[in-house]
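Numbering (this note's numbering), first residue to last: -18 to 216.
The structure appears below as structure tokens.
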């Protein structure tokens, strides 16, 4: 079952991401200072977009697991993992080859590929995932200042000195928002609140909901499209 309100939230997050990346490319790639990227606004926007998108994805995981057999769910998980992993590797290859200063080694797509698998053993915890998610946030806060001379810990949130990735979403703390989304959905469902909270729909929200339903495709396409449009306008 899909809820228009959740797709709309995801669509809003996608639109915020497009705005964020447009400003980022203008400043970091084309050196066009239309907006000040250093302003607190852009930092907050980036964080809010990520938190909303990841949390809604956790809610969506709960909903998807309520329908279909175990074999079908396992098959969907494998397919999603393979698709996300392929896209993540392609993003790293392209950025390291052609845009090294904006390289991405463990971005949001890498994150989703990993948590697609990591979340499955935890779904049986149901609403207790709220506490597990909070623990992930705390762990992320504790380990973020740490630094070790190895790349192996980058996915966890521990980086070497001088590490840089234009898009970086390690498991800690970001997995916490994903699990909290799942846990909250489970809690609401057990008490009969899920349908009441999310079942509303509105004609005017359909465009945003449509974008939210196709968020992965929009994510993959929006960067090259924005890059091409800016390049065309400036040259």
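Heads up, the beta-carbon is just placed ideally off N, CA and C, and yes, glycines get one too.
- Ranked by how close their Cα comes to the Cα of residue 82, the residues 5, 133, 124 have 5 in first place.
- The three-state reading of DSSP puts residue 163 in helix, counting H, G and I together.
- Where residue 62 is concerned, the enclosing alpha helix (DSSP H) starts and stops at 51 to 79.
- Contact annotation: the stretch 168 to 176 does not touch the stretch 118 to 125, with fewer than three C-beta pairs closer than 8 Å.
- Per DSSP, the unbroken alpha helix (DSSP H) holding residue 213 starts and ends at 196 to 215.
- Look at residue 87 here: in three-state DSSP terms it is strand.
- Within the same chain, 72, 73, 76, 146, 147, 148 come within 7 Å of residue 85 by CB-CB distance, once the 5 residues on both sides are set aside.
- Burial state of residue 55 is exposed, judged by a 10 Å Cβ sphere holding fewer than 16 other Cβ atoms.
- DSSP places residue 179 inside the alpha helix (DSSP H), whose first and last residues are 175 to 179.
- When beta bridges are read from the DSSP output, residue 128 appears opposite 140.
- Here residue 59 is exposed: its Cβ has fewer than 16 other Cβ atoms, across all protein chains shown, within 10 Å.
- For residue 40, the enclosing alpha helix (DSSP H) stretches over residues 21 to 46.
- Here the C-alpha atom of residue 182 lies approximately 49 Å from the C-alpha atom of residue 131.
- DSSP places residue 107 in no alpha helix (DSSP H); its state is neither H nor E.
- With 16 or more neighbouring CB atoms inside 10 Å of its own CB, residue 43 falls in the buried class.
- Bridge pairing for residue 149: 87 [DSSP].
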